[in-house]
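Colleague:
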Amino acid sequence: MNHQHALPPVPIWKLIAVACAGGFVGSAARAGMELGCSSVGLPGWTARVVVNVLGACAIGILFARLCDVDGRGIPVGFSHKNRLHEQLWGAGFLGGFTTVSGFAWDVASAVHDGAFARAVVLFTADAVVGIAAAALGYFITMARRQVRERKGAA
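Heads up: the sequence shown is residues 510 to 663, going by the working numbering.
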């Protein structure tokens, strides 16, 4: 069900403000993870792999929670009512928490250093495991959502 016609448009300044606020907190959380890892002697790339995989799972969960679905349970996009949440948590917090540029830097640095095995591990952990984590978060959350909606309809 799409309620876009019943709600006034969200002012662009609000969308920007919530995305910036979420991004600030997400970036601070990532920095905290990097500081925590370095304080126990782990390399910085360890924290970036962890935040990217956790962030990917969270993106899958967020999408499953916020998306509209058709009568068959197939996602059809986001309704207007979820725009602020999408910007705050998706573009904002998770956009700041995860780091594609950090991932690229870590892989490029490993290749530059001749550490090809580390480059492959980093690429696999970030890209392959990250995509799997996003899919897992999505499918588990969507299955739980469909069970809740069936119970609510009964």
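Glycine included, each C-beta is placed from N, C-alpha and C at the ideal position.
Can you give me the start and stop residues for the alpha helix (DSSP H) that G532 sits inside?
Modeller: 521 to 548
Colleague: For the region 594 to 601 and the region 537 to 553, state whether three or more C-beta atom pairs, one from each stretch, are separated by less than 8 angstroms.
Modeller: no
Colleague: Run through the DSSP bridge pairs and tell me what P517 is partnered with.
Modeller: According to DSSP, which records beta bridges pairwise, P517 is partnered with nothing at all.
Colleague: Please check the pair T607 and G564, which I expect to be a contact at CB under 8 angstroms, by giving their CB distance rounded to whole angstroms.
Modeller: 4 angstroms
Colleague: Would you kindly work out how many angstroms separate the C-alpha atoms of E595 and F632, rounded to a whole number?
Modeller: Rounded to whole angstroms, E595 to F632 spans 27 angstroms at the Cα level.
Colleague: Please name the residue in I649, P517, A556 whose C-alpha comes closest to that of I568.
Modeller: I649
Colleague: Roughly how many angstroms separate the alpha carbons of L575 and N591, rounded to a whole number?
Modeller: Rounded to the nearest angstrom, the two C-alpha atoms are 6 angstroms apart.
Colleague: Compute the beta-carbon to beta-carbon distance between G605 and G531, rounded to the nearest angstrom, for a pair I have assumed lies under 8 angstroms.
Modeller: 7 angstroms
Colleague: Output needed for A556: all residues of its chain with C-beta closer than 6 angstroms, excluding positions within five of it in sequence on either side, in chain order.
Modeller: Around A556: M542, E543, C546.
Colleague: Kindly indicate the opening and closing residues of the beta strand (DSSP E) around D577.
Modeller: 576 to 578
Colleague: Is the CB-CB distance between C529 and L645 below 8 angstroms?
Modeller: no
Colleague: Mind checking which residues open and close the beta strand (DSSP E) that includes F587?
Modeller: 584 to 587 is the extent of the beta strand (DSSP E) around F587.
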